[in-house]
Structures are given as structure tokens and as C-alpha cells.
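Chemist: First the structure, then my questions, so here it is.
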Amino acid sequence: MQVNKLRATLKSGGIALGTLMWEVQGRGVLHTLAQAGMDFVMICTEHSAYNLETVVNLVAHAHAAGITPIVRIPDLQYQYVTRLLDTGCQSLIVPHIRTGAEVRRFVEYAKYHPEGRRGMAIYQGASTAYEDVEPAAAVAHANANTLLAVLIETHEAVENIEDILIPGIDLALVGHQDLAQSLGIPGEYGHPRVREADARVRALCKARGIATAGALNRPENAKSVIDSGAQFLLYGTDLVMIRREAERAAQAVAPFRKTAK
14 MQVNKLRATL KSGGIALGTL MWEVQGRGVL HTLAQAGMDF VMICTEHSAY
64 NLETVVNLVA HAHAAGITPI VRIPDLQYQY VTRLLDTGCQ SLIVPHIRTG
114 AEVRRFVEYA KYHPEGRRGM AIYQGASTAY EDVEPAAAVA HANANTLLAV
164 LIETHEAVEN IEDILIPGID LALVGHQDLA QSLGIPGEYG HPRVREADAR
214 VRALCKARGI ATAGALNRPE NAKSVIDSGA QFLLYGTDLV MIRREAERAA
264 QAVAPFRKTA K
């Protein structure tokens with residue numbers, strides 16, 4: 014069965030690097046990212062037009078490439094959680110969490126007994142990497158290899174953070190843009206109130222052994238992001254990386270271009 018390398022890395026205190034996909038499709042992208050040295054790819058279904066079939070194919074190609082897929086589901090619904098887990102994804106992020114009750118539901122949906130009440134689908138195929146596995150072994154393996162992450166992006170979540178960071182949650186990400194909007198200061202994601210909320214979340218995560226994420230906007234900022242305590246480093250998006258390389262090439266050629274008449 015498939016071992017969740019991303020979860021193992023974070024649990025051991027290691028660093029994982031990846032990017033966000035929400036536009037580009039195709040197996041070649043995933044193999045290229047893996048060969049470039051990335052550890053994970055976050056597949057967004059909250060803000061993208063990806064349908065379930067597309068996501069399932071991306072997850073399968075990611076596993077084949079040796080890069081861990083982690084899917085951001087649209088919202089907290091049982092069908093989003095279980096269908097993705099049953100089709101081979103082992104890592105999920107739920108957005109817009111506000112209360113501890115929501116997080117407890119998330120864990121219940123995603124984990125088998127005794128940790129939760131996920132519906133039994135161990136003969137699905139992809140969830141056991143198509144191996145013929147004894148049910149008890151499949152359940153134990155799934156519970157040990159399912160990574161659950163919460164996106165903290167509302168002022169309610171920050172207020173309820175003590176109840177949100179519970180056993181079963183492996184990773185917390187602070188969504189600075191949405192958090193700023195929730196605080197009534199849209200666009201000001203560097204505002205002191207946002208930074209204060211971020212620091213509060215990180216401190217509690219550290220105390221409870223939960224990994225945190227950091228936005229690696231520029232590669233040269235890696236040390237400062239890691240020094241902040243982040244283990245899950247998110248480097249741009251599929252389009253951001255394409256744009257940066259295109260701009261770099263265009264800037265190099267610009268001095269030699271002639272103005273069209």
C-alpha cells in the first residue's frame with residue numbers, strides 16, 4: 014500500500030516543498046515537478062474548474078511520479094472527503110474552518126474506527142494501491158497514512174484555534190488574504206492584526222506538534238520562511254512559475270527587440 018511520504022516527512026520534523034496547481038493539467042507536469050525536486054503538489058478544487066475525474070487522474074499521475082498529491086476540497090462535505098480518499102488521495106486540506114465542531118467532523122469523515130466513521134470502501138482499489146489487503150490491515154494503514162490539514166482564514170477560526178488544533182490534524186495553513194478580509198482589512202495581508210493572528214496559530218501548532226505552512230514567494234527567502242517554523246513550503250502556483258520563467262526570457266530579449274512599425 015502507498016505510504017504517505019509527505020505526512021512522514023512532516024511528522025519527523027522535516028521540510029517539504031511543493032506548489033499549487035489550479036489551471037494546468039497533464040501527467041508531464043507532475044513528473045517534471047517531481048524530477049525538479051518537489052515533494053508535493055497541492056491540487057485546488059476550491060478555486061479551480063477541476064472536476065472529480067480530472068483530480069483523480071492528477072492524483073494517480075502524482076503517485077506514479079513519486080510526488081505526494083494533497084487536495085484542497087471546496088468545503089467540508091462528507092462526499093468531498095470520502096470520494097477523494099477512496100480514489101487514492103491520502104492528504105486533504107479543508108478551507109474556511111471556523112469551529113472545533115467542524116474539525117471534529119472532518120476527522121470523523123476521514124478516519125476509520127476508532128478515530129472516525131469513514132465509510133468502508135477498502136475494495137475500491139485505488140485506496141489500497143490496488144493490492145489485495147486484509148480489511149483490518151487496510152483500515153490501520155489508512156488511518157496511519159491519511160494527512161489532514163486545516164486552512165485558518167477567518168477571524169472565528171483564530172478565536173477558536175484552541176478547539177481547532179486537535180488530535181487528527183497534522184498541518185495548519187494560515188490563509189492571509191482571506192483572513193485579512195475576515196478581519197475587515199481586505200488586501201492588507203501584512204497588517205499587524207494578520208501577523209498577530211498568524212503568530213498565535215504558529216505558537217499553538219508548535220506546542221501541539223502540528224506542522225505549519227509558509228509561503229515561499231521567492232526561493233531566496235527559504236531560510237527566513239523555515240526559520241519561522243514552517244515545514245510545508247508552498248512555492249507559488251503553476252501559472253506563477255510559468256509566468257516567472259516567461260518574464261525572465263522576455264526581459265533578456267527585450268534590449269534586442271525592434272519596435273514594430
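In the working numbering, the protein residues as written are 14 to 274. Using N, Cα and C, we set each Cβ at its ideal position, and we do this for glycine too. On a predicted model such as this, the values are computed, not experimentally measured, just so you know.
Determine the contact status of methionine 55 and leucine 33, defining contact as a CB-CB distance below 8 Å.
Modeler: By 1-based counting over the sequence shown, the position of residue 55 is 42. By 1-based counting over the sequence shown, the position of residue 33 is 20. Contact flag set, yes.
Chemist: I'd like to confirm the pairing. Which residues does DSSP put opposite proline 82 in its beta bridges?
Modeler: Sequence index remark: in the sequence shown, residue 82 carries index 69 (1-based). Partner(s): Val54.
Chemist: Name the residue from Val187, Asp88, Arg231 and Asp52 whose alpha carbon lies nearest to the alpha carbon of alanine 212.
Modeler: Counting from 1 along the sequence shown, the entry for residue 212 is found at position 199. Checked all of Val187, Asp88, Arg231 and Asp52; the closest Cα to alanine 212 is Val187.
Chemist: Return yes when the Cβ of aspartate 176 is within less than 8 Å of the Cβ of glycine 113, no when it is not.
Modeler: Locating residue 113 in the sequence shown gives position 100, counting from the first residue. Locating residue 176 in the sequence shown gives position 163, counting from the first residue. For glycine 113 and aspartate 176, yes; Cβs fall inside 8 Å.
Chemist: Which residue wins for smallest C-alpha separation from arginine 215, given the options Arg261, Gly138 and Ala243?
Modeler: Taking the first residue of the sequence shown as position 1, residue 215 is located at position 202. Closest by alpha carbon: Ala243.
Chemist: Are valine 171 and alanine 193 closer than 8 Å when you measure CB to CB?
Modeler: Walking along the sequence shown from the start, residue 171 turns up at place 158. Walking along the sequence shown from the start, residue 193 turns up at place 180. No, these two residues do not count as a Cβ contact at 8 Å.
Chemist: As a quick exercise: from Gln92, Leu161, His168 and Gly222, pick the residue whose alpha carbon is nearest that of proline 199.
Modeler: Counting from 1 along the sequence shown, the entry for residue 199 is found at position 186. Closest by alpha carbon: His168.
Chemist: Do you know whose CA, among Arg231, Tyr63 and Leu46, lies nearest histidine 76's CA?
Modeler: Along the sequence shown, read from residue 1 onward, the residue named residue 76 stands at position 63. If we check each option's Cα against that of histidine 76, Leu46 comes out closest.
Chemist: Below 8 Å between beta carbons: does that hold for proline 108 and leucine 164?
Modeler: Along the sequence shown, read from residue 1 onward, the residue named residue 108 stands at position 95. Along the sequence shown, read from residue 1 onward, the residue named residue 164 stands at position 151. Result yes, Cβ atoms of proline 108 and leucine 164 sit closer than 8 Å.
Chemist: Looking at C-beta atoms only, is the number of pairs between the region 81-99 and the region 121-137 that lie closer than 8 Å three or more?
Modeler: Contact between the region 81-99 and the region 121-137 is present, because at least three Cβ pairs lie under 8 Å.
Chemist: Per DSSP, what are the beta-bridge partners of alanine 226 in this structure?
Modeler: In the sequence shown, the residue the question calls residue 226 occupies position 213. DSSP, once it has assigned bridges, lists Phe245 as partnering alanine 226.
Chemist: Determine the direct distance from the alpha carbon of tyrosine 143 to that of arginine 118, and round the result to whole angstroms.
Modeler: Taking the sequence shown and counting its residues from 1, the one referred to as residue 118 is at position 105. Taking the sequence shown and counting its residues from 1, the one referred to as residue 143 is at position 130. If you take the alpha carbons of arginine 118 and tyrosine 143, they lie about 28 Å apart.
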